[in-house]
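Participant: Structure in structure tokens, see below.
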Amino acid sequence: MKYLAHISEDGLREQTVEEHCKETAELSKMYARNIHAENIAYLQAILHDIGKVTEQFNEYIRGENNLPRGSIDHSYAGAKYICEKCDLLGDDFYEIARFVARTIISHHGLYDWIEEDGSDYLRKRINKSENYEEIFNYVQNILSDKDLEEMVKHAKNEYDAFCVQLKRLAKVYEKGIKEAYAFYMGLMERLMQSVLIDADRTNTSEFMMNRNIGRVYDSKELFSKLRYRYENVMLQKKQGYLNQNMKIVEQRTSISERCASYALHQRGICQLIVPTGGGKTLSSLRFAIEYCCQEQYEMERIFYIAPFVSILEQNSRDIRDIVGSECFLEHHSNVAQNMDRQGESEELQEYELYTEKWDTPVIATTMVQFLNTLFSARMSSVRRFHNLCRSVIIIDEAQAIPLKCVNMFHLAMNFLKEMCGSTIVLCSATQPDYTACRYPLLLDKNPWMIGDCKNDFEIFRRTKVVSCLKPEKYTYDQAAEFCYDRYKENGSLLLIVNTKKSALVMYEKLNELNQNGDEASEKAEIIHLSTNMCPKHREEAIGKLRLLLCERKKVICVATQLIEAGVDLSFRCVVRALAGMDNIVQAAGRCNRNAESYGLAPVYIINFRDERLGNLRDIRNAQELSIRLLGNKEISDYLSVDTMNCYFQMLYKDKEYEQELSYKITVDGIPNTLLNLLSRNSGRWSIYKEKKLQWHAQAFKTAGNLFEVIDKNAVDVIVPYNEESRDIILQLHDEMDKGIIWELLRKAQLYTVSMYMGTHNKYDSQGALTYYSCGAFSLADEF
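The opening residue of the sequence shown carries number 474 in the numbering used here; numbering runs sequentially from there.
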């Protein structure tokens, strides 16, 4: 009998289970070659869909029964089969069998391996028996016992080698060795899940689309071409620098040259500390291209990770100019929206495929997407994980990694370095102290990419931090007068505050002062920026701001910290509401950026009396640490690397923050951390206490569903900003087709604002919100 895995949409082509399993196994083997796990990969893939070799599934796929999608459990059979066969080989094969069984069971979704009552979820699944006799009798047609036994022995050797490496890696952390080892084991399992999921989905897509979709390229030839293109583009840029301060141009060139030289030796986790305006993005890209050109390192791709879409879009233009569109993928929601709006349906389909696979030579994406790939429960995120192997990963504005993610991020980067052969570049003018927390990053022995950077900072020094803190603090009126006076002295001013409420109040106060000013020549264009504006509105406001500054017009901008890192704008004066020292240094980077002002431009720090930080404990804690540093008379340079090290050491070693750095959460009413759920899962394991499960007790599903890079105790609401947004809202009222609704919601992301629940409930009680069955909300026009 012919058992089917897939039928093409036109019904003319059929793929058997045997064909699908064997083709997926070959793809898996290829994907796993970088991590020396070819046999594990082949074994999990050859058995992953054997649960489909039943008459019941044949009838289902041909539409001959009325079973709903997902009602047939086809994943348990491969897991049961490998466990049974390995049990016959002896206890030595227990762990490798269960490892492969877990990846097979979770190839359509992640699970918690110990359930709430302490029961073993894997055992529950492999104890199933529906249609198993029929499946068991057919498997020999796909994989003989002899081949299986041989493959299992090789897979065990690979698995044992992993365990040795991971134990060695975990031993670095004497106090947290068990937690670190279990966390690394969880990452290893996620990596092999990724290999299987990508191979399975790729083979299925290739059959359904009747064409190859994986990108194949010669790394050596490609990166040699990119090196040549980089040199040409930078030569053109240099010619455009003729009107700029030549000392700065020369220093940028020096930084770039030092990055290229650093690539000539093997690197793991390193730091690129470059002052604002020093060209760190292009210099880090030069390192990455040069490093990928070294054949002995066998690197396959480059990732550029930015904390915010605004930075990503800005720097992606430069990266695309250098590497070319055919080698480059820019992965964030705005790209898909723009394609959608332009009606590029085929290009959109291709784009979405590449964002799922991440197999393009150079990829730029957000910190959210990157961290989701490491920790989220979404299968599209898990699928991408294995393509981080053998990559140069540039983390821009490394200080922007959320505090709650610090320990998990550090452990994951260590794993990528040691197990996946990846090289991590941490870029920022404000580098945290990566050795100060419970799980430090395992930096290289010589981690400084450009060596001693003090001279760079001296040459790029364009600002000075002036503490104007007052014991009684500033009222909004006093703060507005202070800012307006500073604007009149300097001609342009940026005020950065900590909350959206403060941004709105200060915008209104400054607008009033501006309107009531005596002299018309003093009046400024005043622009407000915050996340209470939809992305389209913010994009237009930043565009207007950039134009005003380029034309040297009088301008005041009042913004939340969204403008703080990486946005290429330069004001003659900055006022920063008291925050963390990293925020203060980043704010200074928006001042006198291109040395337009003679001497050092001022960055004033003020404290607000009426600022309501509510649950923003991170900001309150950072303010206290900054006050200590700003009041330290022994510190002569608040913007120095040494000052930042001191700040982060105080932050990471704060006893109150120890749990926070491991992503503190509450599960079932009990305090916990995501790091614990993804490692020993001690709460649930203590109920079961099966020794063989102590390194494999991870709650992948619970942790992955709880994981959010940005906390969102909020609801997204579509706002009627312009005609396009109003049209989307109208269509949502009437549309029933799920596919069209999905396209509308994607377009609506440009016009969406996040409302905290209190605000949401207030608007809802006034009848301002409309709810749609798809889960979306829209705001009434009059609000």
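The C-beta atom is built at its ideal place from N, Cα and C for all residues, glycine as well.
Being a predicted model, the structure only gives us computed values, none of them experimental.
#1: Considering only the alpha carbon of each residue, which of Tyr777, Gly750, Phe1044 and Gly1072 lies closest to Arg759?
#2: Taking the Cβ atom as the reference point for each residue, do Asp671 and His580 lie within a distance shorter than 8 Å?
#3: Measuring from the CB of Ser1152, is there a heavy atom of the ligand HEM at a distance below 7 Å?
#4: Mind checking which residues open and close the alpha helix (DSSP H) that includes Cys766?
#5: Keeping to the same chain, check which residues put their C-beta closer than 6 Å to that of Gln488; ignore five residues upstream and five downstream.
#6: For Val1047, which beta-bridge partners are listed by DSSP?
#7: According to DSSP, is Pro1144 part of a helix, a strand, or is it coil?
#8: Measure the C-alpha to C-alpha separation of Glu652 and Val938 and round it to an integer number of angstroms.
#9: Kindly list the residues whose CB is nearer than 6 Å to the CB of Arg934, restricted to its own chain and excluding five residues on each side of it in sequence; keep chain order.
#10: Pull up the distance between the alpha-carbon of Glu631 and that of Lys1162, whole angstroms please.
#11: How would you label Gln1239, buried or exposed, when you count the other beta carbons within 10 angstroms and need 16 or more for buried?
#12: Reducing DSSP to helix, strand and coil, say where Asp1115 ends up.
#13: Residue ranges of each alpha helix (DSSP H) run of no fewer than 4 residues wholly in the segment 1172-1217, ordered along the chain?
#14: For Arg774, write down the residues that DSSP places opposite it in a beta bridge.
#15: Looking at the secondary structure, which residues open and close the alpha helix (DSSP H) in which Val573 lies?
#16: Return the CA-CA distance between His804 and Thr846, expressed in angstroms with no decimal places.
#17: What is the C-beta distance between Ala1038 and Pro834, in whole angstroms, given that I count them as a contact (C-beta under 8 Å)?
#18: Taking DSSP as the reference, what is the three-state secondary structure of Trp1168?
#19: Taking 8 Å as the cut-off, decide whether the C-beta atoms of Leu1018 and Cys1030 are in contact.
#20: Quick one: what does DSSP say Leu669 is sitting in, helix, strand or coil?
#21: Can we say the segment 827-841 touches the segment 790-798, given the rule of at least three CB pairs closer than 8 Å?
#22: For Leu1265 versus Ile868, is the C-beta distance shorter than 8 Å?
#23: What number of angstroms, rounded off, separates the C-alpha of Glu1133 from the C-alpha of Leu540?
#24: Exposed or buried, what is Ile1143 when buried is set at 16 or more other beta-carbons lying within 10 Å of its beta-carbon?
#25: Whole angstroms are fine: how far does the CA of Leu986 sit from the CA of Ala953?
#26: So Ala1074 and Thr936 are supposed to be a Cβ contact under 8 Å. How far apart are they, rounded?
#27: If you pair each beta-carbon of the segment 1181-1198 with each one of the segment 1147-1156, do three or more pairs fall below 8 Å?
#28: Determine the direct distance from the alpha carbon of His627 to that of Ala1060, and round the result to whole angstroms.
#29: For Leu1252, write down the residues that DSSP places opposite it in a beta bridge.
#30: I need the DSSP call for Glu1107, collapsed to helix, strand or coil.
#31: If you pair each beta-carbon of the segment 856-868 with each one of the segment 760-772, do three or more pairs fall below 8 Å?
#32: Does the segment 872-879 come close enough to the segment 903-913 that 3 or more CB-CB pairs lie under 8 Å?
#33: According to DSSP, simplified to helix, strand and coil, what is Gln1034?
Facilitator: So, from the listed chains and residues:
#1: Scanning Tyr777, Gly750, Phe1044 and Gly1072 for the CA closest to the CA of Arg759 turns up Tyr777.
#2: Judged by beta-carbon spacing, His580 lies beyond the 8 Å limit of Asp671, meaning their Cβ atoms are not closer than that value.
#3: This structure simply doesn't include the ligand HEM, nor any ligand for that matter.
#4: Segment Lys753 to Cys766, the alpha helix (DSSP H) holding Cys766.
#5: Correct list, in chain order: Ala478, His479 and Phe680.
#6: Partner(s): Leu967 and Val1076.
#7: Strand, per DSSP.
#8: Computed Cα separation, rounded: 42 Å.
#9: So no residue of the chain qualifies.
#10: For the pair Glu631 and Lys1162, the Cα-to-Cα distance works out to about 27 Å.
#11: Gln1239 comes out exposed.
#12: Looking at Asp1115 - three-state DSSP - the assignment turns out to be helix.
#13: Correct list: 1173-1179 and 1196-1207.
#14: Residue pairing by DSSP puts Arg774 in a beta bridge opposite Ser864.
#15: Start and end: Tyr567 to Ile578.
#16: So the alpha carbons of these two residues sit roughly 13 Å apart.
#17: About 27 Å separates the two Cβ atoms, so there is no contact after all.
#18: Residue state for Trp1168 is assigned as coil, using DSSP reduced to three classes.
#19: Yes. Within cutoff.
#20: It is helical.
#21: With a cut-off of 8 Å, the segment 790-798 and the segment 827-841 count as touching, because enough Cβ pairs lie within range.
#22: What is shown of the chain runs 474 to 1256, which leaves residue 1265 out entirely.
#23: A direct Cα-to-Cα measurement between Glu1133 and Leu540 gives close to 46 Å.
#24: Exposed.
#25: Distance between the alpha carbons of Ala953 and Leu986 is about 8 Å.
#26: That pair is a contact at about 5 Å.
#27: No contact exists between the segment 1181-1198 and the segment 1147-1156.
#28: For the pair Ala1060 and His627, the Cα-to-Cα distance works out to about 55 Å.
#29: Paired residue(s): Leu1242.
#30: The answer is coil: DSSP assigns Glu1107 none of H, G, I, E or B.
#31: Touching, per the Cβ criterion.
#32: Using a C-beta cut-off of 8 Å, the segment 903-913 makes contact with the segment 872-879, since at least three inter-stretch Cβ pairs fall below that distance.
#33: Gln1034 falls in the helix class under three-state DSSP.
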